[in-house]
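In UniProt numbering, the protein residues as written are 1 to 300.
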């Protein structure tokens, strides 16, 4: 098959079979190919491209006309037998590992697979999905009292830990995080030797992005999840769908990472860490009410 390079397009005469294979755009009896499509066909040995002076246009010259990121994604998908159209890429969104996105931009990709090209031209795929999950964690707590000291809430109500997995057990006391304590104060279950506004003032002074983090904590608790610190996993929280008691504790299912924007190397790192511990990565999007997107690596 032969094509003619005109400007930045390649014209192939009487090649309607290319259209049936999702290559190019039909124009009369001709098919107009992008440089990326033509370069791929040259790479596969099914197309020869010539210039107006009848010199052969080789792959290297065509590649100079290509968007390299889109080309490598197109080549990878086609080599896998996926007949993606170059002009829209269907369910795939090509990107470079050096690209940066906000979580709002990532949200607009929900339902698509993010195809990230690294410095060695390898392509890794990540599925972006809306997350609107609900847990099954229910509690029957009676009112109890606590003390606030050094940023922690302390109580002798050990049932909090043994049955519902609040805080950590130290001797005959449960030591809870500031998020756990504030949430229990808001629900009216826990009384403390300090006013809520004093705790909030301390939290705002000492914890970066406290308001955002606590908003996410509160929302996940209202969705009937049990939420614990995710520090050991480099995230804000690890999330359990249900806790019946600590002796029957199952692994957490999600890691929640708060980011407003990130480069795709960071996203790949977040996903890899989550996958290594068999958890799903969740990014919150904060607006009038929190929304969430889930990201996981997929094989094509």
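Don't be surprised by glycine CBs; every beta carbon is placed ideally from N, CA and C.
Computed from a prediction, not measured in an experiment: that's the story for all the values here.
{"Asked": "The segment 290-300 / the segment 105-116 touching (three or more Cβ pairs under 8 Å)", "Found": "yes"}
{"Asked": "Residue 44 to residue 247 span [Cα, whole Å]", "Found": "59 Å"}
{"Asked": "Environment of residue 257 [buried if 16+ CB atoms lie within 10 Å]", "Found": "buried"}
{"Asked": "CA-to-CA distance, residue 281 to residue 275, given in whole angstroms", "Found": "8 Å"}
{"Asked": "Residue 222 versus residue 166 - alpha carbon distance", "Found": "15 Å"}
{"Asked": "Proximity of residue 240 and residue 137 at Cβ, strictly below 9 Å", "Found": "yes"}
{"Asked": "Residue range of the unbroken beta strand (DSSP E) whose run includes residue 295", "Found": "291-298"}
{"Asked": "Burial state of residue 271 (16 or more Cβ within 10 Å)", "Found": "buried"}
{"Asked": "Residue 263 - partner residues in DSSP beta bridges", "Found": "100"}
{"Asked": "Element boundaries [alpha helix (DSSP H), containing residue 35]", "Found": "35-44"}
{"Asked": "C-beta contact flag for residue 102 and residue 252 at 9 Å", "Found": "no"}
{"Asked": "Anticipated Cβ contact below 8 Å, residue 97 with residue 129, distance rounded", "Found": "Going by Cβ atoms, the distance from residue 97 to residue 129 rounds to 21 Å, so no, they are not a contact pair."}
{"Asked": "The segment 35-44 in contact with the segment 64-73 per 3-pair CB rule at 8 Å", "Found": "yes"}
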